[in-house]
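Asker: Okay, handing you the structure first.
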Amino acid sequence: MANPAAKARWVLETKEVTGVPALALHGIAKQEGIRYLYRPLPNDPKLSGELIYKNEQKGILINTHINSPRRHTFTFAHELGHYFLEHRPEYVRDGVTGFWCSIEDVTYGKRQKEQEANAFAVELLMPESQFRPSMAGAPFDFTLIRTLAREYQVSKQACGYRILELTQTSCAILHSDHGRITMQRTSRAARGALRQLTHIPQGTAAHAAIQQQCGQADFTECDPAKWLARYTSLTRLSECTRGKFENGVAMTLLRWS
Numbered sequence: 001m002a003n004p005a006a007k008a009r010w011v012l013e014t015k016e017v018t019g020v021p022a023l024a025l026h027g028i029a030k031q032e033g034i035r036y037l038y039r040p041l042p043n044d045p046k047l048s049g050e051l052i053y054k055n056e057q058k059g060i061l062i063n064t065h066i067n068s069p070r071r072h073t074f075t076f077a078h079e080l081g082h083y084f085l086e087h088r089p090e091y092v093r094d095g096v097t098g099f100w101c102s103i104e105d106v107t108y109g110k111r112q113k114e115q116e117a118n119a120f121a122v123e124l125l126m127p128e129s130q131f132r133p134s135m136a137g138a139p140f141d142f143t144l145i146r147t148l149a150r151e152y153q154v155s156k157q158a159c160g161y162r163i164l165e166l167t168q169t170s171c172a173i174l175h176s177d178h179g180r181i182t183m184q185r186t187s188r189a190a191r192g193a194l195r196q197l198t199h200i201p202q203g204t205a206a207h208a209a210i211q212q213q214c215g216q217a218d219f220t221e222c223d224p225a226k227w228l229a230r231y232t233s234l235t236r237l238s239e240c241t242r243g244k245f246e247n248g249v250a251m252t253l254l255r256w257s
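Here full-length UniProt numbering is used: the first residue of the sequence shown is 1, the next is one more, and so on.
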């Protein structure tokens, strides 16, 4: 079984990709004889993208019903992952085989093949050899996430998670919907440190920001007991929350030492 990250690095090297990898995706597909189509499919709202095989033809379909070009970019890289990792197609119908990838597959990757395709996409779009120097010396905050997301032309969510994978500091990202936590990730140094939470804790700056529908301009120090399952009297934790409050969604950054 091919290592997804190693395979992505191989693709970047053999296809002689320089500069921003996101801009090379269509060229990579063309070199492999893969056609691609972007189309809004409102009747299939859970679909993010497909990798399709029919006889000797290959194609990638991206559902643009969700208006997020950077999500489309990640989905395209995800489908290339299925192709280059030579995953066995998961469906067969009317002489067509391939992969039907839901938004959940591309976002969470619960199944092994989807996890591998996501890992491939992450390394392809944000190769460690380029990305790590880009974040070196910068504090973990919204400015870093926004800057690198723009530089690598990926979503803030994907960029934030990549930072967590590579940083050596203790930090975390939590996504919430009307205060209910929908997803959380931590850096390696912070694994197992967060409390098992279902909602943003009361008495935190994050809770206040969501209630007041007003993002924080900067980090605020907070009682670590609100967020952490393990800490000491010397632990210093700060938090910052911003979001699209009109839609009820927010992103909270935590960092501590």
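Don't be surprised by glycine CBs; every beta carbon is placed ideally from N, CA and C. Since this is a predicted model, take the numbers as computed values, not measurements.
1. Is T107 helix, strand or coil by DSSP?
2. Looking at T73: is its Cβ nearer than 8 Å to the Cβ of V11?
3. Alpha carbon to alpha carbon, how far is L25 from A8?
4. Could one say the Cβ of E151 lies closer than 8 Å to chain B's Cβ atoms, at least one of them?
5. How would you label G98, buried or exposed, when you count the other beta carbons within 10 angstroms and need 16 or more for buried?
6. Give the secondary structure of I173 by DSSP, where H, G and I count as helix, E and B as strand, and everything else as coil.
7. Counting only the same chain and skipping the five closest in sequence on each side, list residues whose C-beta sits under 8 Å from that of A225.
8. Taking 8 Å as the threshold (C-beta atoms), are S48 and D94 in contact?
9. Alpha helix (DSSP H) containing T252: first to last residue?
10. Please state whether the Cβ-Cβ distance between H175 and T182 is less than 8 Å.
11. By the 10 Å Cβ neighbour count, where 16 or more other Cβ atoms means buried, how is C101 classified, buried or exposed?
12. Measuring alpha carbon to alpha carbon, tell me which of F142, P69, A158 ends up nearest P127.
13. Can you give me the C-alpha to C-alpha distance between R35 and T64, rounded to a whole angstrom?
14. For W227, report the span of its beta strand (DSSP E) as first-last.
15. Which residues in the same chain as E114 place their Cβ atom closer than 6 Å to its Cβ, once the five residues preceding and following it in sequence are excluded?
16. If we require 3 or more residues per run, which beta strand (DSSP E) segments fall completely within the stretch 31–106?
17. Please report the Cβ distance between residue 279 and S257, rounded to the nearest whole angstrom; I am assuming they are in contact, meaning their Cβ atoms lie under 8 Å.
18. Assuming S238 is part of the beta strand (DSSP E), what are its boundary residues?
19. Cα-Cα, which of A117, P45, A2, Q202 is closest to T75?
20. If I62 sits next to Y38, beta carbons under 8 Å apart, how far is it from one beta carbon to the other, in whole angstroms?
21. Within a Cβ cutoff of 6 Å, which residues of the same chain sit near F245, ignoring the five residues on either side of it in sequence?
22. For the beta strand (DSSP E) holding M183, just list the boundary residues, first then last.
23. To the nearest angstrom, how far is it from the Cα of A149 to the Cα of L194?
24. Just how far apart, CA to CA, sit E16 and Y91?
25. Quick check on this structure: which residue in N55, F142, Q196, Q31 has the alpha carbon closest to the alpha carbon of L164?
26. Please state the DSSP three-state secondary structure of C159.
27. Could you name the residues of the same chain whose beta carbon sits closer than 7 Å to that of S233, not counting the 5 residues immediately before and after it, in chain order?
28. Using the DSSP secondary-structure output, state which residues sit across from E13 in a beta bridge.
Answerer: In short, the structure shows the following:
1. Against the sequence shown, residue 107 aligns to sequence position 107. Here T107 sits in helix by DSSP.
2. Numbered from its first residue, the sequence shown carries residue 73 at position 73. Numbered from its first residue, the sequence shown carries residue 11 at position 11. Inclusion of T73 and V11 in the CB contact set at 8 Å is not warranted, their separation being larger than that value.
3. On the sequence shown, residue 25 is found 25 positions in, with the first residue counted as 1. On the sequence shown, residue 8 is found 8 positions in, with the first residue counted as 1. Each residue's alpha carbon lies about 12 Å from the other.
4. Reference to chain B is not applicable here, since this structure consists of a single protein chain.
5. Taking the first residue of the sequence shown as position 1, residue 98 is located at position 98. Classification for G98: buried.
6. Locating residue 173 in the sequence shown gives position 173, counting from the first residue. I173: strand per DSSP, three-state reduction.
7. Along the sequence shown, one-based indexing puts residue 225 at 225. So the list reads Y231, once near-sequence residues are dropped.
8. Along the sequence shown, one-based indexing puts residue 94 at 94. Along the sequence shown, one-based indexing puts residue 48 at 48. Taking 8 Å as the cut-off, the Cβ atoms of D94 and S48 do not count as close.
9. On the sequence shown, residue 252 is found 252 positions in, with the first residue counted as 1. Element bounds for T252: not the alpha helix (DSSP H) but the beta strand (DSSP E), 249–256.
10. Reading the sequence shown from its first residue, position 175 is the one you call residue 175. Reading the sequence shown from its first residue, position 182 is the one you call residue 182. One thing to note: H175 has its Cβ within 8 Å of the Cβ of T182.
11. In the sequence shown, the residue the question calls residue 101 occupies position 101. In this structure C101 is buried. Its beta-carbon is surrounded by 16 or more other beta-carbon atoms within 10 angstroms.
12. Against the sequence shown, residue 127 aligns to sequence position 127. Nearest of F142, P69, A158 to P127, Cα basis: A158.
13. Position 35 of the sequence shown, counting from 1, holds the residue named residue 35. Position 64 of the sequence shown, counting from 1, holds the residue named residue 64. A direct Cα-to-Cα measurement between R35 and T64 gives close to 16 Å.
14. Against the sequence shown, residue 227 aligns to sequence position 227. Careful: W227 lies outside any beta strand (DSSP E) and carries neither H nor E.
15. Against the sequence shown, residue 114 aligns to sequence position 114. Cβ neighbours of E114 beyond the five flanking positions: D105.
16. 34–39, 47–54, 57–63, 91–93, 96–102, all fully within the stretch 31–106.
17. Because the chain in this structure spans residues 1 to 257, residue 279 falls outside the shown range and cannot be described.
18. Position 238 of the sequence shown, counted from the first residue, corresponds to residue 238. Counted as a single uninterrupted DSSP element, the beta strand (DSSP E) harbouring S238 occupies residues 237–244.
19. Position 75 of the sequence shown holds residue 75. In terms of Cα proximity to T75, the closest of A117, P45, A2, Q202 is A117.
20. As a first step, residue 62 must be located in the sequence shown, where it is residue number 62. As a first step, residue 38 must be located in the sequence shown, where it is residue number 38. About 5 Å separates the two Cβ atoms, so the contact holds.
21. In the sequence shown, counting from the first residue as 1, residue 245 sits at position 245. If we look at F245 and ignore the five residues flanking it on each side, its Cβ neighbours are Q213.
22. By one-based count along the sequence shown, residue 183 stands at place 183. Residues 180–186.
23. Position 149 of the sequence shown holds residue 149. Position 194 of the sequence shown holds residue 194. Their Cα atoms are separated by approximately 25 Å.
24. By one-based count along the sequence shown, residue 16 stands at place 16. By one-based count along the sequence shown, residue 91 stands at place 91. Straight-line measurement puts the Cα of Y91 at about 33 Å from the Cα of E16.
25. Reading the sequence shown from its first residue, position 164 is the one you call residue 164. It is F142.
26. Position 159 of the sequence shown holds residue 159. C159 falls in the helix class under three-state DSSP.
27. Residue mapping note: residue 233 aligns to position 233 of the sequence shown, counting from 1. Counting only Cβ-Cβ distances below 7 Å, and skipping sequence neighbours, we find nothing.
28. Here residue 13 is taken as the residue at index 13 of the sequence shown, counted from 1. Answer is none; E13 lacks a bridge partner.
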